[in-house]
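First the structure, in the form of structure tokens, and then the observations on it.
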Amino acid sequence: MEKEGGYVNRPPLLDGDNYDYWKSQMVAFLKSIDSKTWKAVLKVWDHPVVTDKEGVSTPKPEENWTKEEDELALGNSKALNALFNGVDTKMFKLIKHCVVAKDAWEVLKTYNEGTKKVKMAKLQLLTTKFENLKMKEDENIHEYHMSIMNIANSSESLGVKMSEEKLVTKILRSLPKRFDMKVTAVEEANDISEMKVDELIGSLKTFEVAIND
834 MEKEGGYVNR PPLLDGDNYD YWKSQMVAFL KSIDSKTWKA VLKVWDHPVV TDKEGVSTPK
894 PEENWTKEED ELALGNSKAL NALFNGVDTK MFKLIKHCVV AKDAWEVLKT YNEGTKKVKM
954 AKLQLLTTKF ENLKMKEDEN IHEYHMSIMN IANSSESLGV KMSEEKLVTK ILRSLPKRFD
1014 MKVTAVEEAN DISEMKVDEL IGSLKTFEVA IND
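This note's numbering puts the sequence shown at residues 834 to 1046.
This is how it looks when you write it as structure tokens:
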């Protein structure tokens, strides 16, 4: 198994330290295959059964499956194959006995995100990190933007999306003094509640170039 899938027709590789990145990439990868493959990790696939007159259910022979049953089974197989090939050896050991894609997906999710209690603890740590974050004197706007967005993306992966307004306000309130003039100008000329992060970053980068010349 190679270290990382670098092409569109290959899944990203989960190594235990990159779950936030991997999850977003894997969602896109599964959706790119087809809708039934993606839905296989959203809803448990059940092997088709037949029920006799006594109400006893037994597995339905594959040759008797309907077209819809065939397609759902194929979607499950495709999703499971993507997950098996999108994890390293350590992660694979957790899911190697899974025959249902959603089960494998949930095992990886629980292992990497943790239980609800662990998830809340992670969110609290991210909140504290976000609140304490300030742009360093030797940082540039691009680097600080990446630091902000890394926290925001991690928070979203745990189910809490930070609003554009919250991110814009945070950036404006945590810049070094050399940006004071620009911050004042931005606040006077814009409705901060309607401003987009990319718009603000573009403006700050332009100002940064000007004061560094």
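Even for Gly, the Cβ is constructed at its ideal location relative to N, Cα and C.
Rounded separation between Leu-863 and Glu-896 - CA only: It is roughly 27 Å from the alpha-carbon of Leu-863 to the alpha-carbon of Glu-896.
So Gly-908 packs on Lys-872, CB below 8 Å; how close in whole Å? Going by Cβ atoms, the distance from Gly-908 to Lys-872 rounds to 7 Å, so yes, they are a contact pair.
Residues near Lys-1029 by beta carbon distance below 7 Å, same chain, minus five either side: The residues Glu-997, in chain order, have a CB closer than 7 Å to that of Lys-1029 in the same chain once the five nearest residues on each side in sequence are set aside.
So what does Thr-1039 bridge to, in DSSP terms? Under DSSP, Thr-1039 shares a beta bridge with no residue.
Member of Lys-969, Pro-894, His-930 and Val-877 whose CA lies at the smallest distance from the CA of Val-883: Minimum Cα distance to Val-883 is reached at Pro-894.
Under three-state DSSP, which class holds Glu-1000? This sequence places Leu at residue 1000; Glu is not what is there. Reduced to three states, the DSSP call for Leu-1000 is helix.
Which one or two residues does DSSP pair with Ser-890 in a beta bridge? Looking at the DSSP assignment, Ser-890 forms a beta bridge with Thr-884.
Can you give the Cα-Cα distance for Asp-850 and Asn-945, rounded to whole angstroms? Rounded to the nearest whole angstrom, the C-alpha separation of Asp-850 and Asn-945 is 8 Å.
Tell whether a beta-carbon distance below 7 Å holds between Val-1001 and Leu-966. Result no, Cβ atoms of Val-1001 and Leu-966 do not sit closer than 7 Å.
Once DSSP output is grouped into helix, strand and coil, what is the label at Val-951? Per DSSP, reduced to three states, the secondary structure at Val-951 is helical.
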